[in-house]
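J.: Going by our numbering, 271 is the number at position 271 of the sequence shown; the sequence numbering is gapless.
First the structure, which I've put down as structure tokens, then a few questions once you've had a look.
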Amino acid sequence: MNSQLTSTIKLLTTSVPVAISGVFRLYIAFLFLGIAPQIYIYLAGFLVIYSTYTFDRALENEEDKINRKELAASRKDIALFVCIVSLIVSTILLYREGLTFMAFLPFVIGYVYSKGISLGKHKLKLKGNFGVKNLIVSSTWGIFIAGIALHMAGDYSALIFVFPFFMMKSFINTVIWDFRDVKGDGAAGIKTLPIWLGEKKTRKLLQLMHITLHFWIAVAMIYEYIFPEIAILLMSSFAGIINTICWTRPNCESDNSIRKTLRNTLVNGEFMLAVVLKKLSDY
Numbered sequence: 001m002n003s004q005l006t007s008t009i010k011l012l013t014t015s016v017p018v019a020i021s022g023v024f025r026l027y028i029a030f031l032f033l034g035i036a037p038q039i040y041i042y043l044a045g046f047l048v049i050y051s052t053y054t055f056d057r058a059l060e061n062e063e064d065k066i067n068r069k070e071l072a073a074s075r076k077d078i079a080l081f082v083c084i085v086s087l088i089v090s091t092i093l094l095y096r097e098g099l100t101f102m103a104f105l106p107f108v109i110g111y112v113y114s115k116g117i118s119l120g121k122h123k124l125k126l127k128g129n130f131g132v133k134n135l136i137v138s139s140t141w142g143i144f145i146a147g148i149a150l151h152m153a154g155d156y157s158a159l160i161f162v163f164p165f166f167m168m169k170s171f172i173n174t175v176i177w178d179f180r181d182v183k184g185d186g187a188a189g190i191k192t193l194p195i196w197l198g199e200k201k202t203r204k205l206l207q208l209m210h211i212t213l214h215f216w217i218a219v220a221m222i223y224e225y226i227f228p229e230i231a232i233l234l235m236s237s238f239a240g241i242i243n244t245i246c247w248t249r250p251n252c253e254s255d256n257s258i259r260k261t262l263r264n265t266l267v268n269g270e271f272m273l274a275v276v277l278k279k280l281s282d283y
């Protein structure tokens, strides 16, 4: 298999775990609010997230030349075509529920985040330093998940509990990935939180956010503002503790294959593991 084909396949598949994670986030949000499962909504969510992340990876960025060298030889035009098809299908699916706006929101923010838009002599670009990148990405996740849940349930608990849950979980996870990409981000002049605050302060910040968030969700479950999905809360708490302790080290970019697999499973697969534990506990 030639290098270009291998690189292109890598580009087309590298966003699949994140998109699958998005499906499970939607599923959990629906559980919290007592919304019946909606397969076509989950499929639309998968396609929106897949197209957004693949589109970002298909665009040339300075830090990606170092952090994602394996994608350098890929056919970006093929990836962009797949993104457009995915976006069209997701738009059709979300249109059925009056959620057309949600199909474009992550995609538009993703473009402005990566490339920016020109406003006269000025250029608006969201991919900033000092945690701005993490805040933009995590807020988009929170708005996308909570926005769909709010529309489906008509319950403002989606804004009070679902939004902060997925926004803060996403913020923590994006910062964890920044520890892996310290070398490339530093070379590109991007001051991510691990570079700006340093390892210890960043780790303490993430752990404080993790504890505060899960206390807030536990209180919401106790007082029945959201459905008491204890198994999901426990798995989320456990995975978050492991993630903020084990993967917030400056040398994690040189982890062996076992540690990388474990990290990917717990960070990208956290919500899937939570749903699996919930299903097992139901029997």
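We treat Cβ as the ideally placed atom computed from N, Cα and C, and that holds for glycine.
1) Val182 and Leu206 look like a contact to me (Cβ under 8 angstroms); what is the Cβ gap, rounded to whole Å?
2) Return the residue from the list Leu43, Leu197, Leu94 and Ser86 that minimises the CA-CA distance to Phe55.
3) Would you check if there are 3 or more beta carbon pairs closer than 8 angstroms linking the region 27–39 to the region 144–163?
4) Hey, could you find the ends of the alpha helix (DSSP H) Gly240 is sitting in?
5) Work out the CA separation of Trp216 and Pro194 for me, nearest whole Å.
6) Under a Cβ-count criterion, where at least 16 other Cβ atoms within 10 Å of its own Cβ denotes burial, should Lys169 be classed as buried or exposed?
7) Can you tell me which of Phe165, Phe104, Ile172 and Ala146 puts its alpha carbon nearest to the alpha carbon of Gly131?
8) Rounded to a whole number of angstroms, what is the C-alpha to C-alpha distance between Gly184 and Arg57?
9) How is Phe227 classed by DSSP in three states: helix, strand or coil?
10) So Val18 packs on Tyr53, CB below 8 angstroms; how close in whole Å?
11) Quick check: what's the CA-CA separation for Phe24 versus Phe166?
12) Identify whether Ile145 lies in helix, strand or coil by the three-state DSSP scheme.
13) Quick check: what's the CA-CA separation for Asp255 versus Lys201?
14) Buried or exposed for Thr6, going by 16 or more other Cβ atoms inside 10 Å?
15) Helix, strand or coil for Gly184? Go by DSSP, reduced to three states.
16) When we look at the beta-carbon of Ile39 and count the other beta-carbons within 10 Å, is it buried (16 or more) or exposed?
17) Terminal residues of the continuous alpha helix (DSSP H) containing Tyr53?
18) If you follow the alpha helix (DSSP H) that Val23 is in, where does it begin and where does it stop?
19) I need the DSSP call for Tyr156, collapsed to helix, strand or coil.
20) Leaving out five residues before and five after Ala44 in sequence, what residues of the same chain have Cβ atoms less than 6 angstroms from its Cβ?
21) Would DSSP call Ala274 helix, strand or coil?
22) For my contact list, Leu159 and Ala79 are in at a C-beta cut-off of 8 angstroms; report their separation, rounded to the angstrom.
23) Within a Cβ cutoff of 8 angstroms, which residues of the same chain sit near Gly34, ignoring the five residues on either side of it in sequence?
24) Please name the residue in Gly147, Gly110, Glu199 and Leu266 whose C-alpha comes closest to that of Ser237.
25) Nearest CA to the CA of Ala239: which residue from Met272, Asp282, Gly22 and Phe163?
26) Cutting at 6 angstroms between CB atoms, please list the residues of its own chain near Ser74, excluding the five before and the five after it.
27) Contact check, Leu105 vs Phe46 under 8 angstroms by CB: the rounded distance?
28) Can you tell me whether Ala103 is helix, strand or coil according to DSSP?
29) Quick one: what does DSSP say Arg96 is sitting in, helix, strand or coil?
T.: To lay it out plainly:
1) In the sequence shown, counting from the first residue as 1, residue 182 sits at position 182. In the sequence shown, counting from the first residue as 1, residue 206 sits at position 206. The pair is not a contact, with the Cβ atoms about 15 angstroms apart (cut-off 8 angstroms).
2) Here residue 55 is taken as the residue at index 55 of the sequence shown, counted from 1. Checking every option, the nearest Cα to that of Phe55 belongs to Ser86.
3) Counting C-beta pairs closer than 8 angstroms gives three or more between the region 27–39 and the region 144–163, which meets the contact rule.
4) In the sequence shown, residue 240 corresponds to position 240, counting from 1. Here the alpha helix (DSSP H) through Gly240 covers Ile230 to Cys246.
5) Here residue 194 refers to the residue found at position 194 when the sequence shown is read from its first residue. Here residue 216 refers to the residue found at position 216 when the sequence shown is read from its first residue. If you take the alpha carbons of Pro194 and Trp216, they lie about 26 angstroms apart.
6) In the sequence shown, counting from the first residue as 1, residue 169 sits at position 169. Lys169 should be labelled buried.
7) Position 131 of the sequence shown, counted from the start, is the residue given in the question as residue 131. Of the listed residues, the one whose Cα sits closest to Gly131 is Ile172.
8) On the sequence shown, residue 184 is found 184 positions in, with the first residue counted as 1. On the sequence shown, residue 57 is found 57 positions in, with the first residue counted as 1. Spanning the two alpha carbons is a distance of roughly 15 angstroms.
9) In the sequence shown, counting from the first residue as 1, residue 227 sits at position 227. Coil.
10) Working through the sequence shown from its first residue, we reach residue 18 at position 18. Working through the sequence shown from its first residue, we reach residue 53 at position 53. At roughly 5 angstroms, the Cβ-Cβ gap stays under 8 angstroms, so Val18 and Tyr53 are in contact.
11) Locating residue 24 in the sequence shown gives position 24, counting from the first residue. Locating residue 166 in the sequence shown gives position 166, counting from the first residue. Rounded to the nearest whole angstrom, the CA to CA distance from Phe24 to Phe166 is 11 angstroms.
12) Here residue 145 refers to the residue found at position 145 when the sequence shown is read from its first residue. Three-state result, Ile145: helix.
13) Counting from one through the sequence shown, the residue named residue 255 turns up at place 255. Counting from one through the sequence shown, the residue named residue 201 turns up at place 201. Computed Cα separation, rounded: 22 angstroms.
14) Here residue 6 is taken as the residue at index 6 of the sequence shown, counted from 1. So Thr6 ends up on the exposed side.
15) Your numbering for residue 184 matches position 184 in the sequence shown. Judged by DSSP in its simplified three-state form, Gly184 adopts helix.
16) Walking along the sequence shown from the start, residue 39 turns up at place 39. Counting other Cβ atoms within 10 Å of its Cβ, Ile39 stays below 16 and is therefore classed as exposed.
17) In the sequence shown, residue 53 corresponds to position 53, counting from 1. Residues Ile39 to Ala58.
18) Position 23 of the sequence shown, counting from 1, holds the residue named residue 23. Taken as a continuous stretch (DSSP letters only), the alpha helix (DSSP H) holding Val23 covers Val16 to Leu33.
19) The count along the sequence shown starts at 1 and reaches residue 156 at position 156. In this structure, Tyr156 counts as coil in the three-state DSSP scheme.
20) For this step, residue 44 is matched to residue 44 along the sequence shown. Contacts found: Ser90, Leu93 and Leu94.
21) Reading the sequence shown from its first residue, position 274 is the one you call residue 274. Ala274: helix per DSSP, three-state reduction.
22) As a first step, residue 159 is located in the sequence shown; it is residue number 159 there, counting from the start. As a first step, residue 79 is located in the sequence shown; it is residue number 79 there, counting from the start. Contact check for Leu159 and Ala79: beta-carbon distance about 34 angstroms, past the 8 angstroms limit, so the pair fails to qualify.
23) Numbered from 1 along the sequence shown, position 34 holds the residue referred to as residue 34. Ala153 and Phe227.
24) As a position in the sequence shown, residue 237 is number 237, starting the count at 1. The residue with the shortest Cα to Cα distance from Ser237 is Leu266.
25) For this step, residue 239 is matched to residue 239 along the sequence shown. Distances from the CA of Ala239 to each of Met272, Asp282, Gly22 and Phe163 were compared; the closest alpha carbon is that of Met272.
26) The residue you call residue 74 lines up with position 74 of the sequence shown. Once the five neighbours on either side are set aside, the close Cβ partners of Ser74 are Ser7, Thr8 and Leu11.
27) Here the question's residue 105 lines up with position 105 in the sequence shown. Here the question's residue 46 lines up with position 46 in the sequence shown. The beta carbons of Leu105 and Phe46 sit about 16 angstroms from each other, so the pair does not count as a contact at 8 angstroms.
28) For the purposes of this step, residue 103 is taken as residue 103 along the sequence shown, with counting starting at 1. The DSSP-derived three-state label of Ala103 is helix.
29) Here the question's residue 96 lines up with position 96 in the sequence shown. The answer is coil: DSSP assigns Arg96 none of H, G, I, E or B.
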